[in-house]
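Step one of this worksheet: look at the structure below.
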Amino acid sequence: MPISTPTQKSPSSKRRLYTRMLCEGAIMVALAQILSYIKFLELPNGGSLTPAMFPVLFFAVRWGLGPGLGAGFVFGVLQFMFDGGFALGWQSIIGDYLAAFTVLGLAGVFKGKKWGIFAGTVVGCAARFLVHYVVGATIWAEYMPERFLNMTMTNPWFYSLLYNGVYMLPNTILALVIAGLLFPGLKKYYMGADIR
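Structure, rendered in structure tokens:
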């Protein structure tokens with residue numbers, strides 16, 4: 076019977092770690108869904124300022140890219156099902172919910188990095204903004220108003236930039252503030268030191 080060295084994980088240890096990852100993922104996605112009902116700002120055609128992204132970003136930085144993308148996808152499904160599901164068709168469902176929330180998991184590329192939660196938050200939020208931006212400029216273009224933020228709208232790409240920027244920039248800042256406030260007490264968890 077082979078003996079596991081300190082650098083190897085036994086099959087039962089790997090199963091326990093996998094089970095822990097699934098449990099943490101379920102808790103973080105549930106927490107994100109609950110936090111999504113706390114809205115500091117809500118736009119008429121979708122988009123809101125809420126602390127909901129942070130648990131998904133936190134999970135992604137702890138467990139990595141694959142689990143992070145999976146948690147983001149599940150969160151996107153829940154957002155569509157339980158948060159109003161404001162969409163124009165299947166393209167909008169895929170773009171505004173499935174793709175936009177899945178890419179939050181890109182924060183996982185910073186797994187184990189000292190400042191990973193901050194870099195991951197910026198990358199995950201920027202990726203979500205980019206998805207909403209493209210969807211807004213293409214699928215939602217026909218719903219562009221004549222005026223937005225006291226400006227005349229003639230270009231759907233500019234309108235989408237403004238519309239999605241109005242809530243995604245504050246969302247990014249809010250997630251960074253939460254990460255910063257929790258950093259002293261959760262640093263080892265951000266870096267996944269307890270699961271190595």
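Our numbering applies: residue 76 is where the sequence shown begins, and numbers increase by one. C-beta: ideal position from N, C-alpha, C; glycine also. This one's a predicted model, so the numbers in the text were calculated from it and none came from an experiment.
Integer Cβ distance of residue i from residue j, believed to fall under 8 Å
{"i": "I192", "j": "F133", "result": "7 Å"}
{"i": "L124", "j": "K114", "result": "7 Å"}
{"i": "L173", "j": "G151", "result": "5 Å"}
{"i": "L153", "j": "V241", "result": "Going by Cβ atoms, the distance from L153 to V241 rounds to 24 Å, so no, they are not a contact pair."}
Burial state of residue i, where buried means 16 or more other Cβ atoms lie within 10 Å
{"i": "E99", "result": "buried"}
{"i": "M243", "result": "buried"}
{"i": "W190", "result": "exposed"}
{"i": "M156", "result": "exposed"}
{"i": "W138", "result": "buried"}
{"i": "L256", "result": "exposed"}
{"i": "L249", "result": "buried"}
{"i": "R271", "result": "exposed"}
{"i": "M266", "result": "buried"}
Cβ neighbours of residue i in the same chain (closer than 7 Å, five flanking residues each side left out)
{"i": "V149", "result": "V104"}
{"i": "A212", "result": "P231, W232, S235"}
{"i": "L251", "result": "F193, T196"}
{"i": "V206", "result": "G170, A174, A175, V178"}
Bridge partner(s) assigned by DSSP for residue i
{"i": "E99", "result": "Answer is none; E99 lacks a bridge partner."}
{"i": "F204", "result": "Answer by DSSP bridge pairing: none, since F204 is not bridged."}
{"i": "S235", "result": "Its beta-bridge partners do not exist; DSSP assigns none."}
{"i": "R222", "result": "T227"}
{"i": "L68", "result": "Only positions 76 to 271 of the chain appear in the structure, and residue 68 is not among them; the question remains open."}
Close-in-space but distant-in-sequence residues of the same chain around residue i (CB under 8 Å, 5 per side omitted)
{"i": "I253", "result": "P126, F129"}
{"i": "M76", "result": "Interpretation of M76 is limited by its pLDDT of 44, a score under 50 that renders its predicted location unreliable; no figure is taken from the coordinates."}
Residues of its chain near residue i, where Cβ-Cβ distance is below 6 Å and the 5 sequence neighbours each way are ignored
{"i": "L144", "result": "T177, G180"}
{"i": "Q166", "result": "I214"}
{"i": "Y93", "result": "none"}
{"i": "K188", "result": "none"}
{"i": "C200", "result": "T247"}
The ligand ATP heavy atom lying under 7 Å from the CB of residue i
{"i": "G170", "result": "In the structure on display, the ligand ATP does not appear, and there are no ligands present to speak of."}
Suppose only complete runs of 3+ residues qualify. What are the beta strand (DSSP E) ranges in the region 136-175, listed by chain order? Look at the region 136-175 and you find no whole run of beta strand (DSSP E) that is 3 residues long or longer.
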